[in-house]
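Asks:
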């Protein structure tokens, strides 16, 4: 594999109902790694929850960390392609929890998990309106 990796993040709002759209994007955009938020994958995952990765089948990956709290859901994987080692996270932050607590948790995970990697990429749904200054 000599080309660069193509990453994408998608808030699917139920992977079961959005699967065909998701599959179309992956194929049309030639996505290598897709971070998926709001999967609602199983009945025990409440609406607005769940994170997952789609990793193209010829790319080897390793799950590094999975954490679900009231503040943030995060899934971290490691991927090595043509030497560079990537640390990737897909996150979902519910709209109401404190933004500072969310970024504190994310920063802590990043510090612990990205040490042995050349690149760290964080994708997902942070539920933050960047057009509004909340102080």
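In our numbering, the protein residues as written are 3 to 137. From the three backbone atoms N, C-alpha and C, an ideal C-beta is built for every residue, glycine too.
Residues in the same chain with beta-carbon distance under 6 Å from residue 127, minus the five sequence neighbours each way, listed in chain order, please.
Replies: 13, 39, 94
Asks: DSSP puts residue 77 in a beta bridge; with which residues?
Replies: In the DSSP output, where bridge partners are listed per residue, residue 77 has 68, 92.
Asks: Could you tell me if residue 133 is buried or exposed, where buried requires 16 or more neighbouring beta carbons within 10 angstroms of its beta carbon?
Replies: Answer is exposed; the Cβ neighbour count stays below 16.
Asks: Measuring CA to CA, which of 121, 76, 129 is closest to residue 107?
Replies: 76
Asks: Can you tell me the Cα-Cα spacing of residue 37 and residue 80, whole angstroms?
Replies: 13 Å
Asks: What are the residues that DSSP puts in a beta bridge with residue 130?
Replies: None, per the DSSP bridge assignment.
Asks: Just confirm the distance between the C-beta atoms of residue 54 and residue 72, as a whole number of angstroms; I'd bet it's less than 8 Å.
Replies: Actually they do not touch by this definition, with Cβ atoms about 20 Å apart.
Asks: Beta-carbon within less than 8 Å of residue 62's beta-carbon, same chain only, minus the 5 sequence neighbours each way: which residues are those?
Replies: 81, 82
Asks: Could you tell me which of 96, 118, 32 sits nearest to residue 52, measuring between CA atoms?
Replies: 96
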